[in-house]
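Single-structure report; data block below.
Here it is in structure tokens:
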């Protein structure tokens, strides 16, 4: 992504490592952090095969990323997240809800997974979670909090798009 979480966390005094599988995502992040005068400790990595040691991280943040995976890769990504967190480490995730207005639009390729047919994410896979589905996916973790996150997408405003409503789950997990 663009590194907005990295910039915020670094400004709060945390040491942060960012990863993305896409070189262009890393380039955008590097540029955004440079403009903010912040270091860019970035690693090109696939979330299903992280190049980090077991228990390497105290915490992890994933905002609307996991829901872009088919079901098999989603489980691999969650297994990797669990592996790289230290015992007691926490993960903060957001994933799309089945109540999001986009759920059901486009081509359904797996249950609750759609290739969107319009908008800026046309052709991109989106998996939508109901609460039961979500809790099943994160069963390897200790669930600390699950909340609905409803409102307007501010990232679309920054990108120059019209603001859109969103409906997601905000989840706090521990290993």
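Residue numbers (the numbering used here): 53 to 227.
Each residue gets a CB set at the ideal place from its N, CA and C atoms; glycine is no exception.
Nearest-angstrom Cβ-Cβ length linking residue i and residue j, presumed shorter than 8 Å
i	j	result
residue 96	residue 78	6 Å
residue 158	residue 168	4 Å
Reduced DSSP category for residue i - H, G, I as helix; E, B as strand; rest coil
i	result
residue 77	helix
residue 167	strand
residue 204	strand
residue 117	coil
residue 153	coil
residue 222	strand
residue 135	helix
residue 174	coil
residue 182	coil
residue 199	strand
residue 111	strand
Neighbour-count burial assignment, residue i, 16 or more Cβ in a 10 Å radius
i	result
residue 190	buried
residue 141	buried
residue 119	buried
residue 60	exposed
residue 124	exposed
Residue j beta carbon less than 8 Å from that of residue i
i	j	result
residue 72	residue 81	yes
residue 136	residue 102	yes
residue 154	residue 179	no
residue 105	residue 225	no
residue 219	residue 202	yes
residue 193	residue 134	yes
residue 233	residue 222	This structure does not reach residue 233, given that the chain is present from 53 up to 227, and the question cannot be answered.
residue 175	residue 166	no
residue 57	residue 100	no
residue 107	residue 138	yes
residue 162	residue 122	yes
residue 164	residue 197	no
Proximity test, Cβ basis, 8 Å: residue i and chain B
i	result
residue 141	The structure shown has no chain B; it contains just one protein chain.
In chain order, which continuous runs of the beta strand (DSSP E) of length 3 or greater are located wholly inside the region 54-109? The qualifying runs are 70-72 and 94-96.
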